[in-house]
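Visitor: Counting in the numbering used here, the sequence shown runs from 80 upward without gaps. Ideal Cβ positions, reconstructed from N, Cα and C, are used throughout, including at glycine.
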Amino acid sequence: WSEGEAAMISTHRANYVSLDPERVEIGFRELGRLLARLSEETSARFLTTAEVADLYRQGWSLRSWGDRRVLRVYAEDAEPVRIEGACEAAVSLTDGSEFNAARDGDCAVLDVPPGEYELR
């Protein structure tokens, strides 16, 4: 983590999908404990495989949870962030600074330094 390199946690679906509800509960509980411990003891960020691939290819990734969208820009020389649809600004999750989006047709274009942002 200190070098900014990706590390993987690999588990098998048998830990979370079973006809035995108790086994499923134990699997999710143990995964939750592991992730909580990593969060408490390190500066780890938890990303999907798709996010890691986007960061590798273009220097930024976008992940959505319902209405919440998180933009991660980890490369100094990342490609410009072009997002289809509505986006007015990116707000830093670290210090709350706000960066307004420009429009280019149907896309929002963001020029932001490396960091993690919530899109508004």
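At the level of alpha carbons, what is the spacing between GLU104 and GLU84?
Guide: Numbered from 1 along the sequence shown, position 25 holds the residue referred to as residue 104. Numbered from 1 along the sequence shown, position 5 holds the residue referred to as residue 84. Cα to Cα, GLU104 sits roughly 31 Å from GLU84.
Visitor: Taking SER176 as part of the alpha helix (DSSP H), name the residues at either end of that continuous run.
Guide: Your numbering for residue 176 matches position 97 in the sequence shown. First-last for SER176: undefined, no H or E at that position.
Visitor: Using DSSP with H/G/I as helix, E/B as strand and the rest coil, what is ASP146?
Guide: For the purposes of this step, residue 146 is identified with residue 67 of the sequence shown, where counting begins at 1. Coil, per DSSP.
Visitor: Is the separation between the beta-carbon of TRP139 and that of VAL152 shorter than 8 Å?
Guide: Within the sequence shown, numbered from 1, the residue matching residue 139 stands at position 60. Within the sequence shown, numbered from 1, the residue matching residue 152 stands at position 73. Yes, Cβ-Cβ distance for TRP139 and VAL152 is below 8 Å.
Visitor: Nearest-angstrom Cα distance between MET87 and LEU126?
Guide: Position 8 of the sequence shown, counted from the start, is the residue given in the question as residue 87. Position 47 of the sequence shown, counted from the start, is the residue given in the question as residue 126. Distance between the alpha carbons of MET87 and LEU126: 10 Å.
Visitor: Below 8 Å between beta carbons: does that hold for GLU155 and ALA168?
Guide: Numbered from 1 along the sequence shown, position 76 holds the residue referred to as residue 155. Numbered from 1 along the sequence shown, position 89 holds the residue referred to as residue 168. Going by C-beta atoms, GLU155 is not nearer than 8 Å to ALA168.
Visitor: Which residue marks the beginning of the alpha helix (DSSP H) containing GLU104, and which one marks its end?
Guide: As a first step, residue 104 must be located in the sequence shown, where it is residue number 25. Here the alpha helix (DSSP H) through GLU104 covers 100-120.
Visitor: Quick check: VAL188 and VAL149, are their CB atoms within less than 8 Å of each other?
Guide: Residue 188 sits at position 109 when you count from the first residue of the sequence shown. Residue 149 sits at position 70 when you count from the first residue of the sequence shown. Taking 8 Å as the Cβ cut-off, VAL188 and VAL149 do not qualify as a contacting pair.
Visitor: From the DSSP output, in three-state form, read off ASP185 for me.
Guide: For the purposes of this step, residue 185 is taken as the residue at position 106 of the sequence shown. Reduced to three states, the DSSP call for ASP185 is coil.
Visitor: Pick out whichever of ARG136, THR173, ASP174, TRP144 has its Cα sitting closest to the Cα of GLU158.
Guide: Working through the sequence shown from its first residue, we reach residue 158 at position 79. The residue with the shortest Cα to Cα distance from GLU158 is ARG136.
Visitor: Determine the DSSP secondary structure at TYR196, reduced to helix, strand or coil.
Guide: Translated into positions along the sequence shown, residue 196 becomes position 117. TYR196 falls in the strand class under three-state DSSP.
Visitor: LEU126 by DSSP, collapsed to three states: which one?
Guide: Translated into the one-based positions of the sequence shown, residue 126 becomes position 47. The answer is coil: DSSP assigns LEU126 none of H, G, I, E or B.
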